[in-house]
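*Asks:*
Chains as they are written, first to last, in the working numbering: chain A, 188 to 805; chain B, 15 to 206; chain C, 844 to 1144; chain D, 7 to 125; chain E, 277 to 767.
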């Protein structure tokens, strides 16, 4: 099997889907799902293989290379799977809206380009796919119109900013070392001056950080994630921002190499520490901001930034445990954040686009499967033991504490407790509490929505109990990076400094749960009552008078909201405004008066002569 | 007081539990409420007998009707009573719930509380002193022991009657009937 | 080996339940005595539980039931990770971090259960409960991080062992401050005064428990009992050197509990903002100072 | 004085050019500007002619006997000037046409007022 | 082998035949530019392989180079001729449906003359001849800008004319000075003697020529005519002006600077000038509401980028600059054509009037999007290799100055991206959601065909840039190796 075939299927499939949509809608749906699944299945066969091929030689002097190893397999496979679930989810989500052909094509194009990025073996093809991803994402973010337009423009401007910076980095590397192929570049920076390495680092981090939404570069993410169509939000949040993560790992561990990276700077001003602290800030501030959100998807978007902070923290910290936790958390986050966006999407679908947390409620009675998906999703997000988020978070806390960085650990832990608050708010305000009367007749989510929700929920539990499965892959990636692999078994991790065994936990929780359930079951049965039979000081609960999920964390809101303006966003907006004003000002030199124009010509002539007389240029 | 009688505890734990853990719901339904604070605080300390006030009818099994009951209050009394879990006991406090008392000819108080909800015991007087509360509690113990404090069963058995009386004075009630018909020993719908 | 573990587990759970209920009764008795009352018998919580199990109850649905089970199971599982004297059945499964995480299952479970009740009071109560938890977690995390950094381990068993060798944590200045901070936040963890604002019976009708009746109330009472036991024995293990045998351990936690009760019987109630501000100020500053001292003086082990 | 008589044509040509440019830069009436352009053209033409001019030279006709090549005027600038004149006329004609049209639209030829196309 | 002089003769001759064809049939006249440029395209394509081996030069009238006027068809010239023929050909197809006036023969004559002028400029080897062709180009473009005779058109044409006339006067003075010093008009001849005279006598003509041609090439601050003229000309002419006229002006400058004067020291100045032009163009375009004005300012920016790239002075820099030039020609022509037809339909040049165009005119909108992406430099479109090559050339200098300039260029790219993406969003995502009954107004085939040929070229060259890199490389080396150029013409 050839790697270029995957790309051919992916890109060709995207175009094919568009044209098949002109013929038959059924065929298009089937084709879209089929293509995404086929990519995932083909990628699955590449497990534990490594190969490398030149797939195109026509671009200037650069042979474009594809390669696969465990590292890229891990990312590519995750992306393909999440992508295909999102497409399955889209089947009914998108049916009500227009432009369906366009939607599927762009979706497949985004997935294809992401896989292209992951599989590429040199920086030029990395960049090409990166840009294709950027613009196709842009075209899909604005799909919902209205506020999505501003979101899209914000995204693409930041994205272009990042990618031009990265382009400079790539070309600079090429001009220094004469190659852009990972394997040839790797370790070459060992001899470079640290100033140059930092230059390269900064350039790449602008691009990767914007895509990964590291804190001061995150401003595109909340509007983009919240305004995009929900299945695409799942792709965005679950996989697209992880492309940034992939790039960062690639940069640090493949191109720069771990030994150079760890020796870059000293103590607190080392690259490692600075990036890790940035990661910690990325955890804290967005977590607090997420607490204040009233829009379900915007809340999840801020949460995505915060979780990306964990990943960055883990990857940049540079111990083998932290890197493992970063990659494991990437995997977990892809699953549970995709799941949560799908849950919100299902609710949005049934309630005709309502995402305002203050006007939903009580949907557990109407959409139980979706609710369970949401519950498991937030458990994974929080990292409740026996869900997948737990092990990755445990690893990062542990390595931070053992290696004597308690403040980073504090940030990570506090972020988790903030996560509890906002994720509970999400669940409570959508599914729990009072069911508004207008939603009395709501139906369950359609099957094509329930299917990915159920599978992803099961995956969360599965990888929570058997963290060894992904950790095994991560281990072999780490040994490729020159890090010491962890000692793992299928149930957990053993080491001198701290051991975790999910089997013990699972059995304990399971048995005790069963025990308590038996006690519960054994005692008197309870009568079922509805929400209108509530205690309300003797009165009946009024039906549509008020809604008590509004302002759920009011007291905290009052306390912290003055300190939590997104001043970074304000900064960027004022920057944009001042560029606009500058442009408007500069435009005034074209006064419309031809006399001035003639004077300009003469002035230019005078300037040229002056320069010659002054400096003798030629 | 047989609270420390281990044999009785083993024989009928439910009954003993009911006796010595009376969680009282006391709405400020009338002037009688003024006697409740002394009885639960330092001077008389009802907690020695396991009588403590609770905040919601869900957690309560003793309903104290403290004083006169106006028509408006009756609605809330009925609602709260129906929300209490079984077994539950009602005690009318003062003479007004018994026969109207000094409001015997008032147009908007009810004269006989037991027409609307079943009452297991009465404390006469205007006002009864806190000691009288304890007398009522000990009396209630006896009734529970003998199985005679079964107002909640009566309510179930004669629900039509009560509901009719309630609707006669209150007009149509907002909540649906608690029991569909007069049921003797049938549990209502269970799910857990 | 497995048999001993299982026996240990059963032993710990039973003992913790008994001790927790005893503490609950004791607290009521001591409170009454401080109020110049006679007070209920010390077995009163048990009587309440027996009664509650014999009552009917109302349920709002699946999650209403499940949340309670979830919450209680979370509390019980924590017990298995805490050294009780020298007994700690699951000492090798994650250490203090797992305990931290498992401690959050209980409030989460109650919150989920209460959430389905769709009662206004419940919603307000849950909101307060989670906010209060957020409030006390900030100092608590700093405290635990100080301890873990000081001993450079995440295993609570090892922390206890090291205290056997080198004396109680209280002897080190760096851990004395966090220890005091822990005592300051203990009422918030347990929901005692002045942090009774979660239930606040006069205000929001016992908050998250407003819809609980019968067995639900019984299970929450048991959970509360476990919670008292867990948070006090965590303190004992971290700062008072644990104990070599269960009896000695019991005496230690009893002493801590009684001191704590006397300290807290006289307070009125905070509002939620005041509570969070308080928690983020003094205990956090103390714990932070401890952490700084640990980082400056270096690790002792 | 010698300088003046030596370079009189150049001085004249460049004076014309600068006068024309000044008119283009300073005047606001379109017609005057066009006249200025035309003056510039004339100046340039004069300049080109001067380049090839030799004082007392003859026409560059080789077939005529008795004429020395050194005394012949360079014919190329004259050819250039012919072309340049044609171009100048074309521009002038076009400019005037446009001026008429412009006047129809705006009712004025004041270039300071014709400022709709700007920024 | 075909004589390259045909490239000039065919359109020039046919231009004046157009009125004659009116007598035969009025319908036929619009096809004359089509055939003329098709012929040109074919001729330049057939010349192409020969030129790569050895530049062709033709002496007109049999006089040998220093004396007579000669044509030099080097790789650079043929590259430009090919571009001119291609764009002219496609735009002439576009004009079938776009130019609807009764008396169209003026349009076609002037159109052919414009292209004749452009082709002449790039093919000639004589500096005065270059000026003459340049004037043909300029005069026909003045009149084409005013073709519709509406208020903005006339105003812009007048302003364009005044600036252009001043510019060409300067050129003519410069040529006169050159002739006065060297006694010859042949470029190769001048080039071979350029170092024999005092530098002050060289730099004045150089400065005059740069300024004069700079007006047409729209270098800042000589570009004030451009936004007016581009926005008020007919869209087909805007496409030609933006895609060809500016480029030809640029060619003249490049020819003068590289071949005629070999003045590599002025390149540093041009480098800054390019960056400033780029920044100012993009900043001015940033908040434009008029789509064509926005595209015009964007052209200024792109010219700045090309000037920057050419002024790097290395082989790869010139290579990148020429690539960017080709890419700009194709993309900007596409953008003007697509936008032009959308303006034609919506009746307004305001960007907000494009709302919902994505539904109404799906193909045109799609083409516009491709053009916009290409201009911004997104792969896999033609703009990307161009930008890539320029950055590569700049960074290969390994100079901190170049790094700073590169960052300024990228800043401009971001600004450019911002306003182009805004338009793309307006086309697709703004306005009312489409209703099922809404009918599409698909553009006529004669619009779609050229537009989609442009799209095809943009995508194909974007994916396979090697298609044109060969000729670009030999063009670049032609520019750099003055000695070869001189030797070829004056053996």
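Note that beta-carbon positions come from the ideal geometry of N, C-alpha and C, so glycine has one too. Here the structure is a predicted model, which is why all the values come from computation and not from measurement.
(1) Taking the beta carbon of residue 607 (chain A) as the centre, do at least 16 other beta carbons fall within 10 Å, making it buried, or is it exposed?
(2) Based on Cα-Cα distance, which residue from E:634, E:379, E:580 lies nearest to residue 684 (chain E)?
(3) Whose C-beta lies closer than 8 Å to the C-beta of residue 737 (chain E) among residues of the same chain, with five residues either side of it excluded?
(4) Just to confirm before moving on: does the CB-CB distance between residue 249 (chain A) and residue 351 (chain A) stay below 8 Å?
(5) Would you give the residue range spanned by the alpha helix (DSSP H) that residue 460 (chain E) belongs to?
(6) Which residues of chain A have a Cβ atom closer than 7 Å to the Cβ of residue 998 (chain C), listed in chain order?
(7) Determine the direct distance from the alpha carbon of residue 401 (chain A) to that of residue 207 (chain A), and round the result to whole angstroms.
(8) Can you tell me which of A:536, A:480, A:594 puts its alpha carbon nearest to the alpha carbon of residue 1138 (chain C)?
(9) Could you tell me the alpha carbon to alpha carbon distance between residue 473 (chain E) and residue 58 (chain D), rounded to whole angstroms?
(10) So, at 6 Å on beta carbons, what are the nonlocal neighbours of residue 851 (chain C) in its own chain, with the 5 sequence-adjacent residues on each side left out?
(11) Enumerate, from N- to C-terminal direction, the unbroken alpha helix (DSSP H) stretches of 4 or more residues contained entirely within the stretch 1054-1090 of chain C.
(12) Candidates A:584, A:790, A:562: which alpha carbon is nearest residue 574 (chain A)'s?
(13) Under 8 Å between C-beta atoms, does residue 549 (chain A) make it to chain C?
(14) Looking at the C-beta of residue 726 (chain A), does it have a partner C-beta in chain B at a distance below 8 Å?
(15) By alpha-carbon positions, which one of A:278, A:735, A:224 ends up nearest to residue 532 (chain A)?
(16) Please report the residue range of the alpha helix (DSSP H) in which residue 1131 (chain C) lies.
(17) Measuring alpha carbon to alpha carbon, tell me which of A:548, A:570, A:652 ends up nearest residue 626 (chain A).
(18) If I follow the unbroken beta strand (DSSP E) through residue 68 (chain D), where does it start and stop?
(19) Could you compute how far the alpha carbon of residue 1027 (chain C) sits from the alpha carbon of residue 939 (chain C)?
(20) Excluding the five sequence neighbours on either side, which residues of its own chain have a C-beta within less than 8 Å of the C-beta of residue 439 (chain E), listed in chain order?
(21) How about residue 1040 (chain C) and residue 1115 (chain C): are their beta carbons less than 8 Å apart?
(22) Give the residues from the stretch 95-115 of chain D that approach chain E closer than 8 Å (Cβ to any Cβ), ordered along the chain.
(23) Would residue 242 (chain E) be called buried (16 or more neighbouring beta carbons within 10 Å of its own) or exposed?
(24) Distance, Cα to Cα, residue 445 (chain A) vs residue 581 (chain A)?
(25) Secondary structure at residue 400 (chain E), three-state DSSP: helix, strand or coil?
(26) So which residues on chain A does residue 30 (chain D) lean against when the C-beta distance must stay under 7 Å?
(27) Out of curiosity, what's the CA-to-CA distance linking residue 456 (chain E) and residue 505 (chain E)?
(28) For residue 243 (chain A), which three-state DSSP category applies?
(29) What's the gap between the Cα of residue 559 (chain E) and the Cα of residue 511 (chain E)?
(30) Along the chain, where does the beta strand (DSSP E) that runs through residue 40 (chain B) open and close?
(31) Of the choices B:18, B:83, B:21, whose alpha-carbon is the least far from that of residue 47 (chain B)?
(32) Based on the DSSP secondary-structure assignment, which residues constitute the bridge partners of residue 78 (chain B)?
(33) Residues in the stretch 56-78 of chain B with C-beta within 8 Å of chain A's C-beta atoms, listed in sequence order?
(34) On the CB-based measure, 16 or more other CB atoms within 10 Å of its CB, does residue 351 (chain E) come out buried or exposed?
(35) Pairing CB atoms from the stretch 437-454 of chain E with CB atoms from the stretch 21-39 of chain D, are three or more of them under 8 Å?
(36) Taking the Cβ atom as the reference point for each residue, do residue 49 (chain D) and residue 9 (chain D) lie within a distance shorter than 8 Å?
*Replies:* In short:
(1) buried
(2) E:580
(3) 602, 603, 606, 658, 661, 743, 744
(4) Between residue 249 (chain A) and residue 351 (chain A), the CB-CB gap reaches or exceeds 8 Å.
(5) Where residue 460 (chain E) is concerned, there is no enclosing alpha helix (DSSP H), given that its DSSP letter is neither H nor E.
(6) 685
(7) 39 Å
(8) Distance from the Cα of residue 1138 (chain C) is smallest, within the candidate group A:536, A:480, A:594, for A:594.
(9) 19 Å
(10) 930, 932
(11) At a cut-off of 4 residues, the continuous stretches assigned as alpha helix (DSSP H) that sit fully inside the stretch 1054-1090 of chain C are 1058-1082.
(12) A:562
(13) yes
(14) yes
(15) A:278
(16) 1115-1140
(17) Among A:548, A:570, A:652, the Cα nearest to that of residue 626 (chain A) is on A:548.
(18) Where residue 68 (chain D) is concerned, there is no enclosing beta strand (DSSP E), given that its DSSP letter is neither H nor E.
(19) 20 Å
(20) 491, 498, 500, 501
(21) yes
(22) 96, 97, 100, 101, 104, 105, 107, 108, 111, 112
(23) There is no way to answer for residue 242 (chain E), as the model of chain E reaches only from 277 to 767.
(24) Looking at the two C-alpha atoms, the distance is approximately 23 Å.
(25) Note: residue 400 (chain E) maps to strand in three-state DSSP.
(26) 785
(27) The alpha-carbon atoms of residue 456 (chain E) and residue 505 (chain E) are separated by roughly 35 Å.
(28) strand
(29) 23 Å
(30) Unbroken beta strand (DSSP E) run through residue 40 (chain B): 37-41.
(31) B:83
(32) In the DSSP output, where bridge partners are listed per residue, residue 78 (chain B) has B:40, B:105.
(33) 70, 71, 72
(34) buried
(35) yes
(36) The answer is no: Cβ separation not under 8 Å.
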